[in-house]
Every structure is written in C-alpha cells, then in structure tokens.
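Residue numbers (the numbering used here): 20 to 438.
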Amino acid sequence: MKILVTGKGGREHALLTALHESPGSPTLYAYPGSDAIATLATRVSVPDLPALIAFMKEEGIDLCVAGEEAWLVQGDGLANLCATAGIPCWGPFKQAAQLEASKIFAKQFLQRHSIPTAAFSVATTAAEAKAALDTFPIVLKFDGLAAGKGVAVCPDRVSAETFIDEVLEARAFGAGDLLIEQCLTGPEISIFASVCDDQYQILMPARDYKRIGDDDQGPNTGGMGAVASRELADPDLLQLVESTIVKPTVEGLQKDGLPYRGFLYFGLMLTPSGPQVLEYNCRFGDPEAEAVMPMIQGDFAAYVDAAARGQLDPSLIHFAEGWSVCLISASAGYPASSRSGDAISGLDTATALGARVYHCGTRLNAAGQFETHGGRVLAIVAQGSTRQVARDAAYAASAPVRFDGLQRRSDIATLHFES
Ligand code: AMP
Ligand code: GLY
Numbered sequence: 020m021k022i023l024v025t026g027k028g029g030r031e032h033a034l035l036t037a038l039h040e041s042p043g044s045p046t047l048y049a050y051p052g053s054d055a056i057a058t059l060a061t062r063v064s065v066p067d068l069p070a071l072i073a074f075m076k077e078e079g080i081d082l083c084v085a086g087e088e089a090w091l092v093q094g095d096g097l098a099n100l101c102a103t104a105g106i107p108c109w110g111p112f113k114q115a116a117q118l119e120a121s122k123i124f125a126k127q128f129l130q131r132h133s134i135p136t137a138a139f140s141v142a143t144t145a146a147e148a149k150a151a152l153d154t155f156p157i158v159l160k161f162d163g164l165a166a167g168k169g170v171a172v173c174p175d176r177v178s179a180e181t182f183i184d185e186v187l188e189a190r191a192f193g194a195g196d197l198l199i200e201q202c203l204t205g206p207e208i209s210i211f212a213s214v215c216d217d218q219y220q221i222l223m224p225a226r227d228y229k230r231i232g233d234d235d236q237g238p239n240t241g242g243m244g245a246v247a248s249r250e251l252a253d254p255d256l257l258q259l260v261e262s263t264i265v266k267p268t269v270e271g272l273q274k275d276g277l278p279y280r281g282f283l284y285f286g287l288m289l290t291p292s293g294p295q296v297l298e299y300n301c302r303f304g305d306p307e308a309e310a311v312m313p314m315i316q317g318d319f320a321a322y323v324d325a326a327a328r329g330q331l332d333p334s335l336i337h338f339a340e341g342w343s344v345c346l347i348s349a350s351a352g353y354p355a356s357s358r359s360g361d362a363i364s365g366l367d368t369a370t371a372l373g374a375r376v377y378h379c380g381t382r383l384n385a386a387g388q389f390e391t392h393g394g395r396v397l398a399i400v401a402q403g404s405t406r407q408v409a410r411d412a413a414y415a416a417s418a419p420v421r422f423d424g425l426q427r428r429s430d431i432a433t434l435h436f437e438s
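See the structure below:
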C-alpha cells in the first residue's frame, strides 16, 4: 500500500511513524515532508495541489492522509480533489473543513445543533469590536487560520483594545472578522474522534499546554507539550462528552449535508456547567498526535485506509494502558518570532534513553547535522505506567537535547494535575 501524508511537522512525523510501524509496512510519501521525515517517507516536491493530485495518480498512491489543515481549504480542497481523482482521503472536504478554517462557521454550527459553547458576537471593524467589549476577562478570536496565535484571552479593556487594533487595524493575520466570546473557565481537554460519515470512534484523550511559559504564562503558541492517557477522562465524563458533543456533531454534519471522513478534534473546556466546545480542528492535534500516536497498537494503516473508504473498524486499533508525555523544545523568540540555524545536540542520547523524537521544525545543515528551522523544533515523547513515570522519562530524555535559545516548559504533565 502506498500512503501519502500532507504536512511537514511533528504531527506528521508521528503519523508517518505510526503508519511505518503498521504490520503491512506501507510505502510512505510526504508532501512536503522534512529532512527528518525523509528517513521514513519519500518527499514530494510539487508546486501546488493539482500537481500533487497528478503525482498521486501517476505514482498509484492508495491513500492520502491529511496532516496539516491548510490544504483542506486551499483552492478546491485536498479531499475534494482526491475524490475527483478517485483517491481515498482521510481528511474532510473543503465545505466541512470550514469547522476549523472559520470560527464563525463553527460557532453557527454549534448553535444550530445545540452543542454547548460560549456565547459570542462578531465584529468587522475595530470600532464595532471595542463597542462590544462588556465584561472582562473576554476572549477575542480572529476568524481564520492563525497557527494557534489568533486568540487572546484579555483580562482588561487595554489588552482587548490592543489585540483588536492588531487584528482589525494592523491586520496581523490578514483579512477576517473578529469573534468576541464569553470567557469560560475550567480545565481543558482535547478529544479526538475518527469520523466516517455517520460512524465515529472516540480515540485517546489528551491535554495540551498552549502558553509559552510555565504556569500557563505568556502568549498562546501552537502547543508546548501534551499528555495523553485513557485515564485522562473517566468513563462518566467521556459518556457526557459523547452524548452532548461528539454525537450531536456527527449528526449535525449529516443533517447539514457535510460528509466527513477524517480525524475530528474537539477542543473542550470542562466548565462547572459541563463540557463546552472551544474549537473544532479537522485534523489531529499537534502536539497531541506526538503523545497519542505511540500509544496506538494494532494496524493503524489498515484502520485509516478502511475508514477513508467508508468502513470505520474500531477493532483494528487499540490504545495502550498508561501515560504518554510530549515535551516541545521551541526556538529562541517563539511564538512572537522564531530563529533558525541553531545546531541541535543530544538527539541520539534522547533516543537511546527510549524516547521518541519527532521533528517539528528542523533541517540538516551542510555538515549533515540537524539544526533549528522554525518555532517549535522538537517533540520528545516518552511513555510510562503512571503519569509521573512517563513525565520523568520525557524530561530525562529531553535534558541532553540542547540548542541556543531553547525554550521548554518545566511543568508539562504536572500543571492542572497537582495543586
Ligand atoms: P481556540 O483556538 O479557540 O481553541 O483558543 C485557544 C485557547 O484560548 C484555548 O485553548 C483556551 O485556552 C483559550 N480560550 C478559547 N476560547 C475560550 C473561552 N471562550 N473562554 C476561555 N478561554 C478560551
Ligand atoms: N494542539 C492544538 C492544535 O493542534 O491546534
């Protein structure tokens, strides 16, 4: 079987590794991939989506797996083009991928299907947005893809007005409206489901740490670490999430005529009045994928292949007991900026200590050594029978990994568990 994965980061490295370790040993391709991914998959270098589809047809690719979200909504949409070409795709059509690409589309979907979510309004101009600020803290969200950076939880009017000016005057993220949302409180959890038309399977839950600094301080990032375990959500909570959120979402997609095949990620806040949806993503989480993928046993490639063809078979995979902890090493300046070209040392030691090292943003330098190449650089992941064991192993394996300006949180898998 020939499988092509779209994307280039740590999530795709983890997905490709899980596919590589599947019993059928599929032949793997990555578009565009990375130097690290090239050890597992043939990198595909083509200028655009139509050229990618042409490549897949010519090469006889059996399955396309969407890692990154961007191509799902670009041009005619990755899954739409795959469907026209007769290539099964694990990743939704452009129409359904609006659940992630447009926060307003997602909020309207949630309201229409009576799925719990924070109250909101929409502003097009800075004046409108400023006039809508009533209580604080308040949450402001750019209505578009902004790599996790388009959201601000503003404690007061000054910070809210600054963010409004950035988004609606300076256009920091390009054209788009602003969502003004009631601020919810409670622990967050990432719930993943495989959705195949009217069927679904809830996968292992995870929690990610979005702020750059310890104790959840500083700006939001794409994610600085993650922890995953079946024990993260007890059966009662999972049951509630399924009945109030996952099932109504899958039914809502059907009712709205939005066929969906792919991973669907529910970013939830567990508020005192029950779980509420903060966001949908039409793909696996990053860095949650790096934590969850090593826990998958069975035949992941066969599972995804069957589901992309309309047969979701939960018996093809199962999830290991215990815990998995992922620590992100980020480059200097992230998330405001990022620095490339810093030499990375200690990777072999991390692997020798039994951790998995997924590359988020690295490249090989002229000497054949990995160096930083982006904001999030590495995801170092370890498992253990308890959260503490997994956490200690992840930190022990990360310690020898160094590069200039490295940023790594010290409280992953501790914060929100211990007070
Ligand atoms: P989002 O991209 O919509 O998931 O938002 C990113 C992060 O902002 C979330 O993980 C939360 O930590 C925070 N956030 C988003 N919406 C809300 C809300 N309504 N209330 C409180 N925090 C929020
Ligand atoms: N972990 C956050 C995301 O994947 O969007």
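Don't be surprised by glycine CBs; every beta carbon is placed ideally from N, CA and C. Here the structure is a predicted model, which means the values were calculated and not measured.
Buried or exposed: residue i, going by 16 or more other Cβ atoms within 10 Å of its Cβ?
i: D153; result: exposed
i: Q130; result: exposed
i: T36; result: buried
i: D177; result: The question names Asp, yet the displayed sequence has Val at residue 177. Classification of V177: exposed, given that the 10 Å Cβ count is below 16.
i: T405; result: exposed
i: R190; result: exposed
i: K126; result: buried
i: T143; result: exposed
i: E77; result: exposed
i: D227; result: buried
i: G304; result: buried
i: E437; result: exposed
i: G94; result: exposed
i: T391; result: buried
i: Q258; result: exposed
i: S121; result: buried
i: E439; result: Given a span of 20 to 438 for the chain in the structure shown, any question on residue 439 remains unanswerable.
i: E31; result: buried
i: E309; result: buried
i: P111; result: buried
i: D67; result: exposed
i: A55; result: buried
i: H439; result: Nothing can be reported for residue 439, as the shown portion of the chain is limited to 20 through 438.
i: T103; result: exposed
At a cut-off of 7 Å, is residue i close to the ligand GLY when judged by its beta-carbon and the heavy atoms of the ligand?
i: N300; result: yes
i: G242; result: yes
i: P354; result: no
i: G304; result: yes
i: D162; result: no
i: D81; result: no
i: E307; result: yes
i: E227; result: In the sequence under discussion, the amino acid at residue 227 is Asp, which differs from the Glu named in the question. Yes, Cβ of D227 sits closer than 7 Å to a heavy atom of the ligand GLY.
State yes or no: is the C-beta of residue i nearer than 7 Å to some heavy atom of the ligand AMP?
i: E207; result: yes
i: C173; result: no
i: Q201; result: yes
i: N384; result: no
i: G151; result: Note on identity: in this sequence residue 151 is Ala, with Gly being the wrong assignment. Answer for A151: no, Cβ out of range of the ligand AMP.
i: A120; result: no
i: V246; result: no
i: N239; result: yes
i: G286; result: yes
i: A89; result: no
i: V296; result: no
i: A137; result: yes
i: V158; result: yes
So does residue i have its beta carbon nearer than 7 Å to some heavy atom of the ligand NAD?
i: V170; result: Of the ligands this structure carries, namely the ligand AMP and the ligand GLY, none is the ligand NAD.
Using a C-beta cutoff of 8 Å, does residue i count as contacting chain B?
i: A432; result: Looking for chain B here will not work: only one protein chain is present.
The stretch 210-229 / the stretch 239-248 touching (three or more Cβ pairs under 8 Å): Touching, yes, given that three or more Cβ pairs across the two stretches are closer than 8 Å.
Residue ranges of each alpha helix (DSSP H) within the stretch 176-263, 4 or longer: Segments of the alpha helix (DSSP H) lying fully in the stretch 176-263: 176-183, 254-260.
Cβ contact (3+ pairs, closer than 8 Å) linking the stretch 210-217 and the stretch 255-275: Output reads yes: the stretch 255-275 touches the stretch 210-217.
Sequence ranges, alpha helix (DSSP H) only - wholly within the stretch 361-426, length at least 4: Segments of the alpha helix (DSSP H) lying fully in the stretch 361-426: 366-371, 406-417.
Three CB pairs or more closer than 8 Å across the stretch 158-176 and the stretch 230-242: Segments in contact, yes.
Given 8 Å, three or more beta-carbon pairs between the stretch 343-361 and the stretch 421-428: The stretch 343-361, when compared against the stretch 421-428, does touch it at the 8 Å Cβ threshold.
Cβ contact check for the stretch 269-281 and the stretch 428-437: 3 or more pairs under 8 Å: Verdict: no, contact absent.
contact_flag[the stretch 74-88, the stretch 25-44] where n(CB pairs < 8 Å) is 3 or more: A contact exists between the stretch 74-88 and the stretch 25-44.
Contained alpha helix (DSSP H) runs [length at least 4] in the stretch 26-111, N- to C-terminal order: Runs of the alpha helix (DSSP H) lying entirely within the stretch 26-111, each at least 4 residues long, are 29-39, 68-78, 89-92, 97-104 in chain order.
Contiguous beta strand (DSSP E) assignments of at least 3 residues, all confined to the stretch 121-164: Scanning the stretch 121-164 for uninterrupted beta strand (DSSP E) segments of 3 residues or longer gives 139-142, 157-161, listed from N- to C-terminal end.
Three or more C-beta pairs below 8 Å linking the stretch 145-152 and the stretch 196-207: Cβ pair count under 8 Å is three or more, so yes.
Whole runs of the beta strand (DSSP E) within the stretch 279-366, excluding any shorter than 3 residues: With a minimum length of 3 residues, the continuous beta strand (DSSP E) runs that stay inside the stretch 279-366 are 280-290, 293-300, 315-317, 336-338, 342-349, 359-362.
Touching by the beta-carbon criterion (3+ pairs, under 8 Å), the stretch 382-390 and the stretch 312-331: By the criterion of at least three beta-carbon pairs nearer than 8 Å, the stretch 382-390 is not in contact with the stretch 312-331.
Touch test, the stretch 406-416 against the stretch 55-62, Cβ-Cβ under 8 Å, three pairs minimum: Counting Cβ pairs under 8 Å, fewer than three are found: no touch.
At least 3 beta-carbon pairs within less than 8 Å: the stretch 34-49 vs the stretch 311-320: Output reads yes: the stretch 311-320 touches the stretch 34-49.
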